[in-house]
Amino acid sequence: MNIQIIILITVLAIFTSCKTTLHFGDTYFESNNIAYSISDRNPDIQIRYQVGPSPYLQSLKEKYPLDDVLKDNDSDTDKVLKILNWTNSRWKHNGRNSPKQDDAISILKEAEEGGEFPCFAYAIVLRDQLNASGFKARTVYLKTKDAKKSKYPPGHVATEVYLPDLQKWIFIDGQFNVMPVLDETPLHAVEFQQAITNQTNGLKLLSFNRAVTDGEYFGFVYPYLYYLDTTLDNRYEYENPHQVDGKSSLMLVPAGARNLKRINFWDMDIDDCLYTNSILDFYAGPE
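Last residue of the sequence shown: number 536 in this note's numbering, and the count goes up by one each step with no gaps.
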């Protein structure tokens with residue numbers, strides 16, 4: 250592949266085998282020097298998002314309204330921060346207890362009855378409330394470099410949402426109630442990973458109420474910002490979900506890394522993913 254079509258998160262040819270200790274406050278951790286392609290987008294890869302009314306999203310708005318949370322003059326970033334904070338406050342995190350169903354209405358109802366859930370439940374509720382509020386949002390599944398053979402849970406789940414006023418995707422974490430920004434501009438997951446790796450000045454977290462420092466969160470999430478995947482169909486009430494070549498998800502893989510096809514910790518084969526090294530495939534604007 251021509252070196253000109255590669256984004257170098259560090260100088261790949263020199264540093265991919267090197268380990269650098271990153272330092273944020275009192276938190277220290279090793280770097281992952283990774284790169285992605287910025288070659289032409291594959292036109293066969295299309296990620297679908299909700300267009301038009303959805304009975305499910307309307308029901309969510311009626312059962313769990315955000316009218317008192319959002320204001321007409323809020324920027325898109327402010328609206329997302331408010332929905333993020335609302336979602337984070339619904340229950341306490343519990344990584345050992347999964348909700349009975351995987352939709353926001355069911356999760357929120359169970360939370361009202363005292364339920365406490367893991368990261369993926371925050372990501373689902375956040376996604377659905379953002380979509381109900383007129384945004385285009387998706388869950389993003391993060392996995393470590395050693396996800397195949399790790400002896401510990403190798404994944405975390407967050408949310409990404411497209412901001413029309415900035416015309417870009419951004420990363421938010423419902424479990425931790427944080428949004429990463431660089432010089433006040435929100436970042437998507439790859440930009441976030443790059444900024445941490447480069448220890449870029451101006452990198453910080455926005456939040457209305459968080460319980461972790463910037464460094465603590467950077468150290469927690471950084472190892473998971475390696476393999477990223479999301480579903481190809483983020484619509485509701487569709488009997489035949491959108492697939493490409495029989496696959497239902499898209500995984501972004503660093504240039505030169507092997508496609509992730511198994512996770513031993515969960516005894517799980519990954520057989521529903523298309524694989525790409527291209528940021529243009531993964532971060533195409535919603536149509």
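Even for Gly, the Cβ is constructed at its ideal location relative to N, Cα and C.
The structure presented is a predicted model; accordingly, all values stated were derived computationally and were not measured.
| message | Can you give me the C-alpha to C-alpha distance between Tyr-371 and Leu-357, rounded to a whole angstrom? | response | 10 Å
| Since Met-428 and Ser-456 are thought to touch, with beta carbons under 8 Å apart, how far apart are those beta carbons, to the nearest angstrom? | 7 Å
| So, do the segment 328 to 337 and the segment 302 to 311 have three or more beta carbon pairs nearer to each other than 8 Å? | no
| Cβ-based burial, Ser-286 [other Cβ within 10 Å; buried from 16] | buried
| request: Taking only the alpha-carbon atoms, compute the straight-line gap between Thr-446 and Leu-431 and give it to the nearest angstrom. | output: 13 Å
| task | Take Lys-394 as the anchor and find which of Ile-519, Val-502, Asp-377, Thr-270 has the nearest alpha-carbon. | result | Val-502
| Count the other CB atoms within 10 Å of the CB of Thr-449; is the residue buried (16 or more) or exposed (fewer)? | exposed
| For Glu-361, does the three-state DSSP call read helix, strand or coil? | helix
| message | Taking 7 Å as the threshold (beta carbon to beta carbon), is Ala-353 in contact with chain D? | response | Chain labels in this structure do not include chain D; a single protein chain is all it has.
| Which whole-angstrom value is the C-beta distance of Glu-362 and Trp-340, which I expect to be below 8 Å? | With 8 Å as the limit, Glu-362 and Trp-340 do not qualify as a contact, their Cβ atoms being about 10 Å apart.
| Taking the alpha carbon of Ala-460 as the point to measure from, which residue in Phe-425, Thr-480, Phe-441 has its own alpha carbon closest? | Phe-425
| field | Backbone CA spacing between Gln-378 and Asp-422 [nearest angstrom] | value | 14 Å
| field | CB of Lys-385 within 7 Å of CB of Pro-490, strictly | value | no
| request: Starting from Leu-391, trace the beta strand (DSSP E) both ways and give me its first and last residue. | output: 385 to 392
| Segment contact flag, the segment 475 to 493 with the segment 298 to 308, C-beta cutoff 8 Å, min 3 pairs | yes
| message | Using 7 Å as the threshold, is the C-beta distance between Thr-269 and Gly-468 below it? | response | no
| Segments assigned beta strand (DSSP E), at least 3 residues, entirely inside the segment 471 to 529 | 476 to 480, 498 to 501, 522 to 525
| query | Smallest Cα separation from Arg-507: which of Tyr-524, Asp-518, Gly-495? | reply | Tyr-524
| task | With Ser-286 as the anchor, note down where its beta strand (DSSP E) starts and where it stops. | result | 284 to 286
| Supposed close pair Val-406, Phe-369 - CB separation, criterion 8 Å | 4 Å
| said: I'd like to check one pair, Asp-518 with Ser-498: are the Cβ atoms closer than 7 Å? | reply: no
| request: Classify Thr-462 as helix, strand or coil using the three-state DSSP reduction. | output: coil
| Spatial distance of Lys-400 from Asn-513 (CA atoms) | 8 Å
| field | Whole-angstrom C-beta distance between Leu-454 and Asn-380, which should lie under 8 Å | value | About 24 Å separates the two Cβ atoms, so there is no contact after all.
| said: Taking the straight line between their C-alpha atoms, what separation do you get for Ser-280 and Leu-391? | reply: 16 Å
| message | According to DSSP, is Asp-325 part of a helix, a strand, or is it coil? | response | helix
| field | With 16 other Cβ atoms within 10 Å as the buried cut-off, status of Tyr-466 | value | buried
| query | Roughly how many angstroms separate the alpha carbons of Leu-257 and Asp-321, rounded to a whole number? | reply | Because Leu-257 sits at a pLDDT of 39, beneath the cut-off of 50, its placement in the model cannot be relied upon, and the following sentence gives the value as read from the coordinates. Distance between the alpha carbons of Leu-257 and Asp-321 is about 40 Å.
| field | Backbone CA spacing between Asn-343 and Ile-373 [nearest angstrom] | value | 15 Å
| request: Just the C-alpha distance for Asp-317 and Gly-505, rounded to the nearest angstrom, thanks. | output: 48 Å
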